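2 protein chains.
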Amino acid sequence: MFPLASLHAEDGYDLWLRHAPLEGEALARLAALDGAIYAPTAHDPTVAIAVSELRTGMDRLLGQPSAAPLVILDVRVPGQGPRRAFSLDCDGSAMRSHGAFRIAGTGDGIRITAAEPIGCLYAVYAVLRELGLGRDPAMLALDETPAMPLRMLNHWDNPDGHVERGYAGRSIFDWWHLPEKLDPRLIDYARANASVGINAVVVNNVNARAFMLEPRYIAKLKRLADAWRPYGIRVFLSARFSAPRDIGGLATADPLDPVVEGWWRDKADEIYASIPDFGGFLVKANSEGQPGPQDYGRSHADGANMLAAALGDRGTVIWRAFVYKAEDDTDRTMQAYAEFAPLDGQFASNVILQVKNGPLDFQPREPFHPLFGAMPKTKVMLEAQITREYLGQASGIAYLAPLWDEVLSADTGRGGTIAQTIAPVGMAGVANTGSDRNWTGTHFDAANWYAFGRLAWNPALTGEQIAREWTAQTFTRAEAPLEAIVQMMLGSRETVVKYTAPLGLAHLMGTGHHYGPAPWVCDLERPDWNPCYYHRADASGIGFDRTTTGSNALGQYAPSVAEQWADPASTDPRYLLWFHHLPWEHRIASGQTLWDELVTTYDQGVLETEARAQGWATLAPHIDPERHAAVAADLTIQRTEARWWRNASLSFWQSLNGLPLPAGAAPIPESLQAYQARSFPEAPGQ
Amino acid sequence: MFPLASLHAEDGYDLWLRHAPLEGEALARLAALDGAIYAPTAHDPTVAIAVSELRTGMDRLLGQPSAAPLVILDVRVPGQGPRRAFSLDCDGSAMRSHGAFRIAGTGDGIRITAAEPIGCLYAVYAVLRELGLGRDPAMLALDETPAMPLRMLNHWDNPDGHVERGYAGRSIFDWWHLPEKLDPRLIDYARANASVGINAVVVNNVNARAFMLEPRYIAKLKRLADAWRPYGIRVFLSARFSAPRDIGGLATADPLDPVVEGWWRDKADEIYASIPDFGGFLVKANSEGQPGPQDYGRSHADGANMLAAALGDRGTVIWRAFVYKAEDDTDRTMQAYAEFAPLDGQFASNVILQVKNGPLDFQPREPFHPLFGAMPKTKVMLEAQITREYLGQASGIAYLAPLWDEVLSADTGRGGTIAQTIAPVGMAGVANTGSDRNWTGTHFDAANWYAFGRLAWNPALTGEQIAREWTAQTFTRAEAPLEAIVQMMLGSRETVVKYTAPLGLAHLMGTGHHYGPAPWVCDLERPDWNPCYYHRADASGIGFDRTTTGSNALGQYAPSVAEQWADPASTDPRYLLWFHHLPWEHRIASGQTLWDELVTTYDQGVLETEARAQGWATLAPHIDPERHAAVAADLTIQRTEARWWRNASLSFWQSLNGLPLPAGAAPIPESLQAYQARSFPEAPGQ
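So the protein sequences, as listed, match chains W and R. First residue of the first sequence? That's 1 in my numbering, and the numbers climb one at a time after it. First residue of the second sequence? That's 1 in my numbering, and the numbers climb one at a time after it.
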C-alpha cells in the first residue's frame, strides 16, 4: 500500500489525536493485546463512536492495522473468544453518571465501565491517551468523574464567519451552507472536544444577532445538534435580549411584559421542537452597548428569570456578569460586583451567572474576580478566555494553564478556592478555534484548548502534567525534547506578562484591535477605555490605588484576602501596581527601585522570548519540518513583538518620569513618536 | 507501511494534482519506464521543482515508489545508464521561449525540451496530465507555446483577509503573519497555477488600500515573490491612485504634478529593490468611488502613463476599463466604450487596458464588450470572473468554460475573434480561491480555476476537452461516470442562465450581496444599480432597447455585429432582451409568446438542477464519500435556489403583466411579498 500520507506534511489538523505509532516496549505491550472489542450496547451511536475511535486509535498507535482485524462482539462469553481484549460496559447501573468512568487493565485486557455511553466514549479517549503516553495496558487503573457538570466553549463567532477576537482564520461554522452542508470538520471538532470532556458549546458571539433565533437558523442549529449529540455535546445560543423587537415585531423587549414573556416561551418551544436537548441561552445584557432589561428599568435578575421561565426545566440561562457603564465613574473593576452581589438569591434555579476570571477583562494577569464566593445563593460559573486577545493573539507561545491554575486555586477567603466555588456549576472558555488548518492559528494554541478541557474535567491537574500529556500526543514522546517543550510552555504566559504588563499593570494595549503597546492612549471617548485610566502614570509614579485611599476595590474582597493586598510591602509583586500607586523611586522587595524593576522585568520578558526561539531551533531534529518552521516563525514574531512592547512602553514611561534606563539596559532604538505612529488598520479579530 | 492517509478522506485539497494510481494497461506501460531523470540544469530552482514534481507524480501514478528509486543524473552518457528514462533539456537554445516546450515519447523514454526552466516545469505538468489520462508514454508528442504572454489571476482579497465576492472562506493570503510566516498552502497555490500555465498574480483587491504600498507590505510581498518565482509567477499589486495623498503625505495625487510623479517613481524603485521582477500595478480608477486622474481633470491615459513612466521598462500598468458614472445617464453598458475608445493611441507602450468580457458586469450572459477590437493602437486584455458573483456563488455547479469559450470565439467584426485580439496581451481571471480546504468552496469550482488557466494557455481548447481532463484528474478515469460528470458540467452554466436571467435579461440579483432574486428593486440611490433599470419591465413588456430606437448601444459594435442584433427576429434568443424591449405577447422563434417562453425557460432551469442532483446521486459508487456528500449538498442547495429564482421572478413579472402561468406550469408556492421579505444580512462576499 502506498503511503499517500507522505504527501501531506504534519499540519496540525489532527491536534492531540494523532496517535503516532508507539515504539519499543510500549509497542510490544500493545501488540500483545488482541483485537477484540466487546461492546454490549454497540447499537448506541455514542458507543459505536467509542468503538470506532478505539479501533482507529489502536491501529494508529500500533502503526498498522492489527494483524488479526479487530472484531466487535456484542456479548462476551466467559472462557471463550479472544482473551486479551477490550470490553466496554456502558450502562453500568451501579456507576455514577455524568460521564464518569472506570478503566481497569488486567491480564485479561482492558475493562471499561460507565453508567452511560458518553462515559464509555470519554473512557476510550482516556485509554488512548494513556496508551499513547506509553503506559502498560495491564497497569491502567483510572476512576474518573468530571469535577463540574458544565464544561463549555463560548464561540464569539458571528454568522457571517467573522470571529470576534479570533486569530485562527474564519469561523469553523459555515452557517451559510447549513443545514444542507455539514463540514466534516465539525465532526472532528466534536471529537476533539469530547476527547477532553467538553460537553457544551455556545455557537455564536455574545454580541449576538437576533436573526439567529429565526427558523432558518434553528434548522441550521438542529443539524449541528444532531451531529454533536453522540459526542455528548449540547448546543447553546447567545440570545440578543431585544430579539422580540428586532425580529418578533413587538414594540418592546421589557422582560416583565407578558407579550414578551410569551414570545420567548414560543421561541423556546420552537427550538425544543427541533432540538430536544437544546442547552439554553447565553446572554450579554446591558454591557458594551448590548440591549438588556435595564433598558426597561428592570434588573438583571428580572431579565434572566424571564428567559429562564421560557426555557423551564428544559434548559439554562447563562447570564454574563461582565458589565460596566459609561455613566458610572466607579472604578471599572468594581462595577460587576456592585451590580450583581446585591442580586444574590434573586436568580431562578436554572440561571447561571458567568463571571470572568478577573474583574477587568482577561488581562495577562489580574487578581481573581471578587464575585467568586460572594454570591452563595447563586449558581456561579467561571468564564476564561482561551483565545489570546490580550496575550499576543496568534504570535509565539503563551500556554494558559498556569493562568487558569492561578485562578482556580485562588482562595476566595469565603469558604474555598474558586475551583470549589464553581464545582457545582462549571466553567466556560472563549474558544480559540478557526478555519486555519491547525484549528488555532499557532500549533501551540491547541494546547490551550486542550488544557481548558482537561482543567474543566479536573482542576487538580497541574499545568505541567497537562503540558506533558499534550506535548507527547502532539509532538514527540522522546524524553529530552518533550521535557524541553514542556519547559518552554510553562513559563510562556509569564513571559508575556513581563513584556506587556509587568508588576500588576493592565490594559495597555492598542485601541480596538488590542494589538501591540499603546500606554499613551488617553483620548478615547470613555475614560475606562483608555490605558491611562489603568496605569495612572505621571512624573511622580505609576499604578492604580485600589486601597482605602483610592477606589477601595479591595473592599469587595473577603477581609483575609483584602488584608494581604492592602499594603505594598505585603502585596505579591505580581499584583503590586494593580492595587497601588507608587513613586517610581519606591523600593520594592527585590531591593531595586520600582523603575529599575520595571525595566528589568521588561528585559527579562524580551530575553525569554529570545531564549525560547533559540531553544526551539535546537529541536529541529525532533519535530517534523512543517510544524517546526511554523513555530519558529511564531517565535520570531513574538521576539519582535516583545522588543516592541519593551521599547515602546519604556519610551513612554520615560517621557513621563524623565528617568534614565538603568546601567546596562539596551537603548531604545526608535523615538516615542515613531512607536505612537505605528498603525495597523487590518489587525485581526476586531 | 501503515496507510495513515486513510484517516484523511479526499477533501479536495490536492485539486487536479491528485495523480491517483493508474490501473491495467496504463499502469503497466508506466511501470515499464525506469526511474532515471536526466536534468542537466538541475541546480536551477525551477528545474529542481520540475524534477521533484515528476518524481512525486510518477510515484503517485504508479501507486507506489518505483521499485528502483528514481535517480537524478546531471548528464546522460549515451549508451550508458537506464534506457527508458526521462530527460529534461531546459535551455534548448533553438527553442521558442516564454514557457514553450516539446514532449516526445520514444522507445528510449520521454524527452522534454524547453528554452527555459519554466518550459520544463510546464512540460512536466503536461506529461503528468497526459500520463494521468492513461496515454501511452511512447506515443506522447506535444509541441506547445502559450497563446498569450499574460495569464493572470486577479485576487479581490483585502489585507484583513476578507475576499470581496469570495465564497470560499477567507483569503489564502495571511498578510498579518508575513513575511515571517509563509503558509505552505501558498506553495501549493503556486504549483496549481503553474500546472495550468498561470504566470502572474495580482495579490490584492482592485478596491485597494494604500497602505499595501508601505514598506512593511513590500517586505511581505517580497516573501511571496521569492516563493513563487521558481514557479514562473510574477506578483502585481493593485495600487490606489490616491496613495501619494493617503500614505505619501502629499497634498495631491494629480498625475501631472512632478512631485506626484516623483513619489511613484521612488515607490517603484523601492519595490524593485526588493522584487526585481515585480510585475506592476493594476488600477481601478474613477470607478465606483475609487480615486483617479479625473479627480484632477486628467484623463485615464494621463493617469496610466504617469504610473507607466514610474515603472519604466521594468513593469506594466494594467488599467481597468470598468467605469461608469453616477452623473452619466448614458446606458451604463455604453460608458466604458465612450470613455476609452477615444483614447486609443494615447497609452504608453507598457500600459494594458483590462476589459471585462461584457459591457455590464460579469452577468451570467452578456454579449461581448464592444471595446474588443475597437482600440487597435492599445494593448487590450480580457478580464473574466472565475468567482461566481452572479452565477450562484458557492452553490451547485456552474462550469464557466462554455461562457469563456463564447467570449473568446466571438468575432468582433473588426478583424478577428476576441481570442485573436487579446493574443498579444493576455487575460485575467478574478480568482475564486479561499481558505476553504478545497480552495474554491465547492469541489466543482476548482474546474473553473483549472479551465481559466487552460484557456489562457490555449483558447482553442473546448470546454468539453477541459472538463474531461479535469474530471479524470480530479474524480475518476472510469469511462461512464467520467462522461456523466462532463455532461453535468457542460450544461451547468446555461442552467444558471435559465433560472436567473433567461433570454438576455441581466442584473436581477439581490442588492449588495448579489445573492438571490430581486427584480423588484427600484429604489437604490443610483438608477443603474437597480434591477428595474436593466429589465425595464412593465404591464406591456420587458427588455432594454439598445437599438437605434433606444440607447443605441449597438452603435458601439462593428456594423456586421450590430446588424445581427438590430432586429428581434435575427437576434440570437440568448441576447433577445439585452437588446430589445418587447411585448409580453411577442411571438419569438420558438413560436411561443415571450411570456410563455420565459416561464418555460425558468422551468427548464429548475428541471435541470433536479436532474443534476439526481444524476449525481447515482454516481455515489464511483466517488469517495466525502466529496460525494459535499457535492450532493451543493446540488441540493442549487435546486432550492433555482426554485426560488423561478418562483420569485415569475411572481414579480406576473405582478406587472397580470398574465397567468401557461397550462401545466407549477404554481408559485409563496406570495411576492414573502419573496421580497427574505433578508440575508450575513450573505458572504460583499
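Note that the Cβ used here is the ideal one computed from N, Cα and C, for glycine as well. Remember, it's a predicted structure, so these values are computed and weren't measured experimentally.
Output yes if chain R places a C-beta closer than 7 Å to the C-beta of W:Ala633; else output no.
yes
Pairing CB atoms from the segment 221–238 of chain W with CB atoms from the segment 196–206 of chain W, are three or more of them under 8 Å?
yes
Tell me which same chain residues have a C-beta within less than 8 Å of the C-beta of R:Ser287, skipping the five on either side of it?
Arg320, Phe322, Val323, Tyr324
7 Å is my cut-off, CB to CB: does R:Glu180 come that close to chain W?
yes
Taking DSSP as the reference, what is the three-state secondary structure of W:Leu7?
At W:Leu7 the pLDDT is 47, less than 50, meaning the model places this residue with poor confidence; the figure from the coordinates comes in the next sentence. W:Leu7 falls in the helix class under three-state DSSP.
So with CB distances below 8 Å, who are the chain R contacts of W:Ile637?
His177, Glu180, Lys181
Are the beta-carbon atoms belonging to W:Glu270 and W:Met306 less than 7 Å from one another?
no
For chain W, find out if any of its Cβ atoms is closer than 7 Å to the Cβ of R:Phe2; answer yes or no.
No answer about R:Phe2 holds up, because its pLDDT of 33 lies below 50 and its placement is not dependable.
How long is the line joining the alpha carbons of R:Arg692 and R:Gly292, rounded to whole angstroms?
Residue 692 of chain R is absent from the structure shown; chain R starts at 1 and stops at 686.
Terminal residues of the alpha helix (DSSP H) in which W:Phe579 lies:
576–579
Thinking C-beta only, is R:Thr145 closer than 7 Å to R:Ala208?
no
Who are the near neighbours of W:Tyr272 in its chain, counting only those whose CB is closer than 7 Å to its CB and skipping five residues on each side?
Phe278, Arg314
Buried or exposed by the 16-neighbour rule on C-beta atoms within 10 Å, applied to W:Cys120
buried
Which of helix, strand or coil does DSSP assign to W:Gly57?
helix
Secondary structure at W:Trp616, three-state DSSP: helix, strand or coil?
helix
DSSP three-state call for W:Lys379: helix, strand or coil?
strand
Any beta carbon from chain R within less than 7 Å of W:Arg55's own beta carbon?
no
Residues near W:Ala227 by beta carbon distance below 8 Å, same chain, minus five either side:
Leu182, Leu186, Ile187, Ala190
C-alpha distance - W:Met1 paired with R:Gln64, whole-angstrom precision:
Note that W:Met1 has pLDDT 27, beneath the 50 cutoff, so the model's placement of it is unreliable and the number below is only indicative. W:Met1 and R:Gln64: Cα-Cα distance of roughly 7 Å.
Would DSSP call W:Ser38 helix, strand or coil?
Note that residue 38 of chain W corresponds to Tyr in the displayed sequence, not to Ser. Here W:Tyr38 sits in strand by DSSP.
Is it buried or exposed for W:Ala114, if we count other Cβ within 10 angstroms and need 16 for buried?
buried
Evaluate R:Gln673 with the Cβ neighbour count: other Cβ atoms within 10 Å of its Cβ, from every protein chain shown; 16 or more gives buried, anything less gives exposed.
exposed
From W:Ala562, W:Gly413, W:Thr316, W:Leu221, pick the residue whose C-alpha is nearest to that of W:Phe173; which is it?
W:Leu221
Can at least three beta-carbon pairs, one atom from the segment 525–534 of chain R and one from the segment 547–561 of chain R, be found at a separation below 8 Å?
no
Under 7 Å between the Cβ atoms of W:Ser651 and W:Ile668?
yes
Just to confirm, are R:Ile275 and R:Ala308 a CB contact at a threshold of 7 Å?
no
What ranges does the beta strand (DSSP E) occupy inside the segment 346–390 of chain W, keeping only unbroken runs of at least 3 residues that lie completely in it?
351–356, 379–385
My guess is that R:Thr440 and R:Ala168 are in contact by the Cβ rule of under 8 Å, so how many angstroms apart are they, rounded?
5 Å
Who are the near neighbours of R:Pro568 in its chain, counting only those whose CB is closer than 7 Å to its CB and skipping five residues on each side?
Leu576, His580, Leu582
Determine, for W:Asp523, whether the minimum Cβ-Cβ distance to residues of chain R falls below 7 Å.
no
Can you tell me which of the three DSSP states R:Glu626 falls into?
helix
Give a yes or no on whether the minimum CB-CB distance between R:Gln614 and chain W is below 7 Å.
no
Can you give me, in chain order, the residues of the segment 473–489 of chain W that have a beta carbon less than 8 Å from any beta carbon in chain R?
none
So, are the CB atoms of R:Gly516 and R:Gly166 less than 7 Å apart?
no
How far does the beta strand (DSSP E) with W:Gly109 in it reach, from first residue to last?
109–114
Between W:Gly416, W:Val425, W:Ala447, W:Asp445, which has its C-alpha nearest W:Thr378's C-alpha?
W:Val425
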